[in-house]
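Colleague: I'd like to ask you about the structure that follows.
In UniProt numbering, the protein residues as written are 1 to 514.
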């Protein structure tokens, strides 16, 4: 295919208050995409109305004529969220020149030069596919990724399985879509902060396929503070909560009843999942303190029930390791529960949004300079401790951790000193009952994460210090190798690594037979 025959693409770069330096790094990388300069445009969509950004973009236009700056004006409110910004480009800025495809990059997401050439073939070869999402990689991850900010389990397990079905979830930045398909479904939905997730569901309901590629084609930035990370996760859950009332309103009547029900149930499932984890983890110390033994009718049935419980827990663990082996990527057991220590804070965030105030202090844009965690400030040790423990809700995690350890000690002591039956039998019908012990382990592991973060704060590297001599924040091989090595060190224990290796060997042998 000649350069002139390549499809026209608009690269949409929505921003709202992020650092101009961060935005311009992305602009530079977008301008250097390996694609004919006559076949793509870069539209900087600034909802922050930054004069400094406008000046910086205008200065570059002499060298990159396909680059332009656009702003709807500096305003606030949900109508000016990211979805509205993108719809402004689709409905207003593209009235005269309508590209076949559009790409979306977050303000801090640096695309690789081959970004468009690697993604477009998936859409060109599959006319029924409306969108291709790319896995998000990050250039400023701390060693070990203590807060699971890579979302690796989502990309390598959950979304990879959905990709096989043609129902992958758009992860936001790095998506490339067929413009006609997005216009056919009414553009980006504006009823939720998680517009990318909602768009994916609408596309599926309208009969379109969505795909995901695992290649490292973009590198973004994770929040570099506990406050920023928590705010980001809360915003995502608020977005999912918004699905429910939105699908019950008259404005959603343009969708089929089946699609409305699906979207509403999806949002409810995510929120109730948070509630379930919060209630389940909180109940552990109370169940241990009550000291009630698992009821049984006879020794034979007791032993049979114990074997079934043990078999269930072992099966769950084996499944987790086999799932990791099947993906060919490092994934710790029960990685789908990552960040469930935030369940209580997420529930409080949704509650506050609907019942207290839907207009928070600062900005819902995680990287906005309007948010205090993105401004370099010096605070005393006690001020920082109060913010982390109280404002961020970590006191709950610390309290639950102490309560669970105390309840374990009490339960074991009770079994040893106050009961006349066999010690092993007492333990196996109370604290060491396999399902309860399993949930207890998950609770301790989950709630230790923020405490460990506070006790040993990670160092977030400066992405620019890792420059590989180009305009990019980090070279592909360097970033991927660093993430793999970090996961090898921290992602799995020895048994997990051995099972993962065995799974890969079996997979290779199966392929060799063909």
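Ideal placement from N, C-alpha and C gives every residue a C-beta, glycine not left out.
How many whole angstroms separate the CB atoms of residue 103 and residue 12, which I take to be in contact at a CB cut-off of 8 Å?
Modeller: Counted from its first residue, the chain shown places residue 103 at position 103. Counted from its first residue, the chain shown places residue 12 at position 12. Between residue 12 and residue 103 the Cβ distance is about 7 Å, and since that is below 8 Å, they are a contact.
Colleague: Quick check: residue 238 and residue 193, are their CB atoms within less than 8 Å of each other?
Modeller: The sequence position of residue 238 within the chain shown is 238, counting from 1. The sequence position of residue 193 within the chain shown is 193, counting from 1. Taking 8 Å as the Cβ cut-off, residue 238 and residue 193 qualify as a contacting pair.
Colleague: Whose C-alpha, out of 184, 188, 44 and 289, is nearest the C-alpha of residue 172?
Modeller: Within the chain shown, the letter at position 172 stands for residue 172. Nearest option by C-alpha distance: 188.
Colleague: The alpha helix (DSSP H) with residue 181 in it runs from where to where?
Modeller: By 1-based counting over the chain shown, the position of residue 181 is 181. Per DSSP, residue 181 belongs to the alpha helix (DSSP H) from 179-184.
Colleague: Curious, which full-length beta strand (DSSP E) runs of at least 3 residues does the segment 212-278 contain?
Modeller: Fully enclosed beta strand (DSSP E) runs of 3 or longer: 218-220.
Colleague: Buried or exposed, going by whether 16 or more other CB atoms sit within 10 Å of the CB of residue 385?
Modeller: Taking the chain shown and counting its residues from 1, the one referred to as residue 385 is at position 385. Classification for residue 385: exposed.
Colleague: In the DSSP output, what is residue 133 paired with across the bridge?
Modeller: Taking the chain shown and counting its residues from 1, the one referred to as residue 133 is at position 133. Beta-bridge pairing links residue 133 to 212.
Colleague: Got a sec? Which residues, its chain only, sit under 6 Å from residue 343 by beta carbon, not counting five neighbours each side?
Modeller: The residue you call residue 343 lines up with position 343 of the chain shown. Result list for residue 343: 274, 277 and 278, in chain order.
Colleague: So, with DSSP's three-state summary, where would you put residue 192?
Modeller: Working through the chain shown from its first residue, we reach residue 192 at position 192. In the structure shown, residue 192 sits in coil (DSSP, three-state: anything other than H, G, I, E or B).
Colleague: Does DSSP put residue 10 in a helix, in a strand, or in coil?
Modeller: As a first step, residue 10 must be located in the chain shown, where it is residue number 10. DSSP places residue 10 in strand when its eight states are reduced to three.
Colleague: If we ignore side chains and look at the alpha-carbon of each, how far apart do residue 410 and residue 284 end up?
Modeller: Counted from its first residue, the chain shown places residue 410 at position 410. Counted from its first residue, the chain shown places residue 284 at position 284. Those two C-alpha atoms are separated by around 13 Å.
Colleague: Could you tell me the distance, in whole angstroms, from the CA atom of residue 350 to the CA atom of residue 63?
Modeller: Indexing the chain shown from 1 puts residue 350 at position 350. Indexing the chain shown from 1 puts residue 63 at position 63. Going from the Cα of residue 350 to the Cα of residue 63 covers about 46 Å.
Colleague: Apart from the five residues on each side of it in sequence, which residues of its chain come closer than 7 Å, Cβ to Cβ, to residue 425?
Modeller: Translated into the one-based positions of the chain shown, residue 425 becomes position 425. Closer than 7 Å at the Cβ level, and outside the excluded window around residue 425, lies no residue.
Colleague: Taking 8 Å as the cut-off, decide whether the C-beta atoms of residue 315 and residue 157 are in contact.
Modeller: Your numbering for residue 315 matches position 315 in the chain shown. Your numbering for residue 157 matches position 157 in the chain shown. Cβ atoms of residue 315 and residue 157: not closer than 8 Å.
Colleague: Anyone know if the C-beta pair for residue 430 and residue 291 falls short of 8 Å?
Modeller: Mapped onto the chain shown, residue 430 falls at position 430. Mapped onto the chain shown, residue 291 falls at position 291. Contact flag set, yes.
Colleague: Please list, in chain order, all residues of the same chain as residue 35 whose beta carbon is under 8 Å from its beta carbon, the five residues on each side excluded.
Modeller: Taking the first residue of the chain shown as 1, we reach residue 35 at position 35. Closer than 8 Å at Cβ, skipping near neighbours: 6, 9, 116 and 117.
Colleague: Taking the CB atoms as reference points, tell me whether residue 61 and residue 67 lie closer together than 8 Å.
Modeller: Residue numbering aside, residue 61 sits at position 61 when the chain shown is read from its first letter. Residue numbering aside, residue 67 sits at position 67 when the chain shown is read from its first letter. Result yes, Cβ atoms of residue 61 and residue 67 sit closer than 8 Å.
Colleague: Alpha carbon to alpha carbon, what distance is there between residue 328 and residue 249?
Modeller: In the chain shown, residue 249 corresponds to position 249, counting from 1. In the chain shown, residue 328 corresponds to position 328, counting from 1. Roughly 43 Å separates the two Cα atoms.
Colleague: Apart from the five residues on each side of it in sequence, which residues of its chain come closer than 7 Å, Cβ to Cβ, to residue 82?
Modeller: The residue you call residue 82 lines up with position 82 of the chain shown. Correct list, in chain order: 14 and 195.
Colleague: If I'm right that residue 218 touches residue 263 with Cβ under 8 Å, what's the distance once you round it to whole angstroms?
Modeller: Mapped onto the chain shown, residue 218 falls at position 218. Mapped onto the chain shown, residue 263 falls at position 263. That pair is no contact at about 27 Å.
Colleague: Buried or exposed: residue 18, going by 16 or more other Cβ atoms within 10 Å of its Cβ?
Modeller: Residue 18 sits at position 18 when you count from the first residue of the chain shown. Counting Cβ neighbours within 10 Å, residue 18 comes out buried, since at least 16 surround it.
Colleague: Give the C-beta separation of residue 174 and residue 134 to the nearest angstrom, bearing in mind that I take them to be a contact with Cβ-Cβ under 8 Å.
Modeller: In the chain shown, counting from the first residue as 1, residue 174 sits at position 174. In the chain shown, counting from the first residue as 1, residue 134 sits at position 134. That pair is a contact at about 4 Å.
Colleague: Pairs of beta-carbons, one from the segment 393-404 and one from the segment 439-452, closer than 8 Å: are there three or more?
Modeller: At 8 Å Cβ cutoff, the stretches touch.
Colleague: Taking its Cβ as the centre, do 16 or more other Cβ atoms sit within 10 Å of residue 490, making it buried, or is it exposed?
Modeller: Along the chain shown, one-based indexing puts residue 490 at 490. With a pLDDT of 46 at residue 490, under the threshold of 50, the predicted position of this residue should be treated as unreliable, and no value is reported.
Colleague: Would you grab the beta carbon distance between residue 119 and residue 176 for me? Rounded to a whole angstrom, and I think it's under 8 Å.
Modeller: Stepping through the chain shown from its first residue, residue 119 is reached at position 119. Stepping through the chain shown from its first residue, residue 176 is reached at position 176. Going by Cβ atoms, the distance from residue 119 to residue 176 rounds to 5 Å, so yes, they are a contact pair.
Colleague: Between the C-alpha atoms of residue 31 and residue 170, what's the straight-line distance to the nearest angstrom?
Modeller: For the purposes of this step, residue 31 is identified with residue 31 of the chain shown, where counting begins at 1. For the purposes of this step, residue 170 is identified with residue 170 of the chain shown, where counting begins at 1. Residue 31 and residue 170: Cα-Cα distance of roughly 24 Å.
Colleague: Taking residue 41 as the reference, give the member of 69, 48 and 131 with the closest Cα.
Modeller: The count along the chain shown starts at 1 and reaches residue 41 at position 41. Closest option to residue 41, Cα to Cα, is 69.
Colleague: Of the residues 159, 456, 288 and 33, which one's Cα is nearest the Cα of residue 515?
Modeller: The requested residue 515 does not occur in the structure, where the chain is confined to residues 1 to 514.
Colleague: Considering just the uninterrupted stretch of the alpha helix (DSSP H) at residue 118, what are its terminal residues?
Modeller: On the chain shown, position 118 is the one that residue 118 refers to. Taken as a continuous stretch (DSSP letters only), the alpha helix (DSSP H) holding residue 118 covers 115-124.
Colleague: Going by DSSP in three states, residue 15 sits in which element: helix, strand or coil?
Modeller: On the chain shown, residue 15 is found 15 positions in, with the first residue counted as 1. Note: residue 15 maps to strand in three-state DSSP.
Colleague: Could you name the residues of the same chain whose beta carbon sits closer than 6 Å to that of residue 224, not counting the 5 residues immediately before and after it, in chain order?
Modeller: Sequence index remark: in the chain shown, residue 224 carries index 224 (1-based). Result list for residue 224: 460, in chain order.
Colleague: Which partner residues of residue 70 appear in the DSSP bridge assignment?
Modeller: Taking the first residue of the chain shown as 1, we reach residue 70 at position 70. DSSP, once it has assigned bridges, lists 45 as partnering residue 70.
Colleague: Specify, as a first and last residue, the run of the beta strand (DSSP E) that residue 103 falls within.
Modeller: In the chain shown, the residue the question calls residue 103 occupies position 103. First-last of the beta strand (DSSP E) with residue 103: 101-104.
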